[in-house]
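For the sequence shown, the numbering used here gives the first residue as 13, with consecutive numbering after it.
Just so you know, even glycine gets a beta-carbon here, dropped at the ideal spot from N, CA and C.
In what follows, a single structure is set out as structure tokens and then discussed.
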Amino acid sequence: MKITKRSIRYFTLLKLPLVFFSGIRITNINAGGVEASVKLKWINQNPFRSMFWAVQGMAAELTSGVLLMREIETRKSSISMLLVETKASFSKKAKGKIRFSCDQVKDAKELIDKAISSGDGQRHWFTSIGLDENGDEVSRFQFHWSVKSKS
Numbered sequence: 013m014k015i016t017k018r019s020i021r022y023f024t025l026l027k028l029p030l031v032f033f034s035g036i037r038i039t040n041i042n043a044g045g046v047e048a049s050v051k052l053k054w055i056n057q058n059p060f061r062s063m064f065w066a067v068q069g070m071a072a073e074l075t076s077g078v079l080l081m082r083e084i085e086t087r088k089s090s091i092s093m094l095l096v097e098t099k100a101s102f103s104k105k106a107k108g109k110i111r112f113s114c115d116q117v118k119d120a121k122e123l124i125d126k127a128i129s130s131g132d133g134q135r136h137w138f139t140s141i142g143l144d145e146n147g148d149e150v151s152r153f154q155f156h157w158s159v160k161s162k163s
């Protein structure tokens with residue numbers, strides 16, 4: 013699958029419907045990283061009228077996962093991905109439109125290259141930061157991804 017905003021939208025609809033129906037969308041995929049956004053609405057709110065933490069986590073995870081998927085796709089290799097650990101911190105109520113971004117492109121490239129060349133599983137931490145419409149950080153997620161070449 014070629015990694016584009018459109019292909020990821022179909023992927024989430026078919027394979028990750030909760031992501032799709034929560035309103036999470038990839039807004040940018042470029043050489044600098046991956047960005048996703050989600051707007052606060054009835055379906056993704058908590059009882060305190062802010063965004064439910066798990067919705068923020070899905071959006072954040074999607075940015076790091078798509079970053080790795082893109083690097084795997086460019087190498088035309090068969091590589092498995094597994095999320096092995098997650099950390100999160102919250103600094104402000106998430107209201108309005110929240111943008112999550114993961115810009116560790118160099119780390120993703122090195123991780124995939126090392127997995128291919130060694131044949132062993134490799135692990136790395138990726139960070140995705142959520143910003144509100146004022147540019148204030150609302151949450152920070154860290155994802156410990158494991159990748160391994162299948163061939």
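Proximity to residue i [Cα-Cα], best of the options
{"i": "residue 159", "options": "92, 143, 100", "result": "92"}
{"i": "residue 60", "options": "41, 113, 105", "result": "105"}
{"i": "residue 129", "options": "142, 110, 41, 87", "result": "87"}
{"i": "residue 161", "options": "126, 151, 78", "result": "126"}
{"i": "residue 146", "options": "90, 13, 110, 124", "result": "110"}
{"i": "residue 38", "options": "84, 21, 100, 115", "result": "21"}
{"i": "residue 3", "options": "45, 42, 33", "result": "Absent from the model: residue 3. The displayed extent of the chain is 13 to 163, so no value can be given."}
{"i": "residue 42", "options": "132, 114, 124", "result": "114"}
{"i": "residue 149", "options": "163, 101, 132, 131", "result": "101"}
Distance between beta carbons of residue j and residue i, contact taken as under 8 Å
{"i": "residue 35", "j": "residue 50", "result": "5 Å"}
{"i": "residue 95", "j": "residue 137", "result": "The pair is not a contact, with the Cβ atoms about 11 Å apart (cut-off 8 Å)."}
{"i": "residue 52", "j": "residue 121", "result": "Between residue 121 and residue 52 the Cβ distance is about 34 Å, and since that is not below 8 Å, they are no contact."}
{"i": "residue 98", "j": "residue 154", "result": "7 Å"}
{"i": "residue 10", "j": "residue 117", "result": "Residue coverage of the chain in this structure runs from 13 to 163, which leaves residue 10 outside it and unanswerable."}
{"i": "residue 151", "j": "residue 103", "result": "7 Å"}
Proximity of residue i and residue j at Cβ, strictly below 7 Å
{"i": "residue 66", "j": "residue 48", "result": "no"}
{"i": "residue 75", "j": "residue 112", "result": "yes"}
{"i": "residue 15", "j": "residue 81", "result": "yes"}
{"i": "residue 124", "j": "residue 85", "result": "no"}
Those residues which DSSP pairs with residue i across a bridge
{"i": "residue 140", "result": "153"}
{"i": "residue 159", "result": "93, 134"}
Near the ligand SAH: residue i beta-carbon under 6 Å from a heavy atom
{"i": "residue 80", "result": "With respect to the ligand SAH, the structure shown offers nothing to examine, as it has no ligands at all."}
Sequence-distant residues of the same chain with beta carbon closer than 8 Å to residue i, five excluded per side
{"i": "residue 73", "result": "95, 98, 140, 153, 155"}
Chain E within 7 Å of residue i, Cβ atoms only
{"i": "residue 74", "result": "Absent here is chain E; the protein component of the structure consists of one chain."}
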